[in-house]
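All remarks here apply to the structure that follows.
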Amino acid sequence: MDRRAFFSGAAMTAVAAASVSKVAMAALPEPVTQAKPDTMPPLVPHTGRPYNPVVTLNGWTLPWRLNQGVKEFHLVAEPVVREMTPGFKVNMWGYNGQSPGPTIEVVEGDRVRIFVTNKLPEHTTLHWHGQRLPNGMDGVGGLNQPQIPVGKTYVYEFVARRPGTFMYHPHADEMTQMAMGMMGLWITHPKAKHPLIDEVQRDFCFLLNAYDIDPGSMTPRIMTMLDFNLWSWNSRVFPGIDTLNVRQGDKVRIRIGNLTMTNHPIHLHGHEFMVTGTDGGPVPKSARWPEVTTDVAVGQMRQLEFLADEEGDWAFHCHKSHHTMNAMGHNVPTMIGVDHRGLVDKMLKLVPDYMAMGERGMADMGAMEMPIPDNTAPMMTGTGPYGPLEMGGMFSLLKVRKDQKPGDYKDPGNFKQPPGTQAFEWTGSLPEPARFQAEADGTSTTPPAATVRKPSGHTGH
Ligand SMILES: [Cu+2]
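Going by this note's numbering, the residue at position 447 of the sequence shown is 1751; the numbering climbs one at a time, nothing skipped.
This is the structure:
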């Protein structure tokens, strides 16, 4: 085994496996793991109070066992390999086989016990973002509890006191552990009809996260503060993010938590939504207004709700244009308008692979899919029915279909626009451009430059 492979994974696995004995694990709820990056169907509750379960994009919900009225879960913090998009695998840290960890779903009033086993190469804790709980259960290592040493299992116990969308993440060496992908979602469903929580047909959730991974490498750089190059939803980038597939007329809820280092204005096409909740709880009806974009700031959760009444394939993405791209260099000069003629031949003598790029904009990149190192994602990629989408990162689709069956989350394929409802090429004559009429006639009503009186009493303009 070469040195690099030894340090990249094998050593960590060996340490972890040796340090948690089988006997110690036997009395705990069986740790369930999941390696597939697909969106798993909702986990319909088999015990306890019923509720309408959520669907975690490219994720899953952790099963529990009911032990004398207490819902018991078992999270295992461990190194994982996450496929961010087909062809691109990353060494991350996560829970139960994946980053993010599985979603935990409970009901308001549930007594909950979570076993947390540490199979990382360093200590960790778990913090339950947004929960009302006893101070000693809040999970800030060194403050509320000792750190969970390597190989040990700690138990957290509390009552899920208020309904809402929450998150979990370590509060121990946070910079490293969150940069490596340690996080998950927590949903507390209301125990009865709630005046501020509507019933919905589809309830999706995902976390916003970001990584800095050099093209061709497999492990995130953990010291990065600003210049991340992979902007992901549940540690997946477009085209690896599953689409949100709904039936026309469904009431849809999407819960989005942000555990990156910057804000993300999340934008939905074709519909307007209301923000019906935050990690502080449901928003009073009088404080809601319609939006098509809502900013999800760092450490926040936003819960969007809308009626999916327009058929089609609607883009759904972060509105920061650099967040809908995959790994790239940022030190490329803008070449728009630069005349490359003659330059290519000269450059080819010096640099055999030289390629002129960007003189007409960067759209050529979408179609070119230029050669890239193994194990990364093209900067602009994905193909739709009409050509390259020129997207990456935080981008997916809301697919609204008349014939999507209730409870069916399968991708219905591309939307076929009905005849006469799609933008088309104009082939008639084009009129000559004319100056704006008032300006051309000299009948402009623009007032003459104003005279400004300066404080000193002098006039100027
Ligand atoms: Cu963004």
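We put the beta carbon where it would ideally sit given N, CA and C, even for glycine.
- request: Verify whether the separation of the beta carbon atoms of ASP1599 and GLY1468 is less than 8 angstroms.
  value: no
Opposing strand residues paired with GLY1616 [DSSP bridges]: VAL1704
field: Coarse secondary structure for HIS1634, derived from DSSP in three states
entry: Bear in mind that a pLDDT of 49 at HIS1634, under 50, signals an unreliable position, so the model cannot answer this.
- prompt: Would THR1428 pass as a contact of THR1360 if the rule is Cβ separation under 8 angstroms?
  reply: no
field: PRO1255 versus PRO1543: straight-line alpha-carbon distance, rounded
entry: Residue coverage of the chain in this structure runs from 1305 to 1765, which leaves residue 1255 outside it and unanswerable.
query: Cβ atoms of ASN1562 and LYS1714: under 8 angstroms apart, would you say?
result: no
field: Nonlocal neighbours in the same chain, by C-beta distance under 7 angstroms from GLY1520, ignoring five residues either side
entry: PRO1677, ASP1678, ASN1679, THR1680
- request: Would you identify the three-state DSSP class for LEU1652, choosing helix, strand or coil?
  value: helix
query: Would you report the Cα separation of ILE1558 and ILE1570, rounded to the nearest angstrom?
result: 11 angstroms
field: Per-residue burial, HIS1634 [other beta carbons within 10 Å of its own, 16 or more giving buried]
entry: Residue confidence for HIS1634 is low, a pLDDT of 49 falling below 50, so the modelled location carries little weight; the figure read from the coordinates is stated next. Exposed, since its Cβ has fewer than 16 Cβ neighbours within 10 Å.
DSSP-derived helix/strand/coil call for GLU1576: coil
field: Residue(s) in a DSSP beta bridge with PRO1594
entry: MET1578
- request: Look up SER1521 in the DSSP assignment and say whether it is helix, strand or coil.
  value: coil
- prompt: Across which residues does DSSP place ASN1562 in a beta bridge pair?
  reply: LEU1512
- prompt: Any heavy atom of ligand 1 closer than 7 angstroms to the Cβ of TRP1618?
  reply: no
message: Whole angstroms are fine: how far does the CA of HIS1575 sit from the CA of PHE1620?
response: 10 angstroms
task: Would you kindly check if the distance between the Cβ of GLY1391 and the Cβ of SER1536 is under 8 angstroms?
output: no
- prompt: At a cut-off of 7 angstroms, is HIS1627 close to ligand 1 when judged by its beta-carbon and the heavy atoms of the ligand?
  reply: yes
- request: Starting from THR1480, trace the alpha helix (DSSP H) both ways and give me its first and last residue.
  value: 1478 to 1483
- prompt: If you draw a straight line from the alpha carbon of CYS1622 to that of GLY1405, how long is it in whole angstroms?
  reply: 22 angstroms
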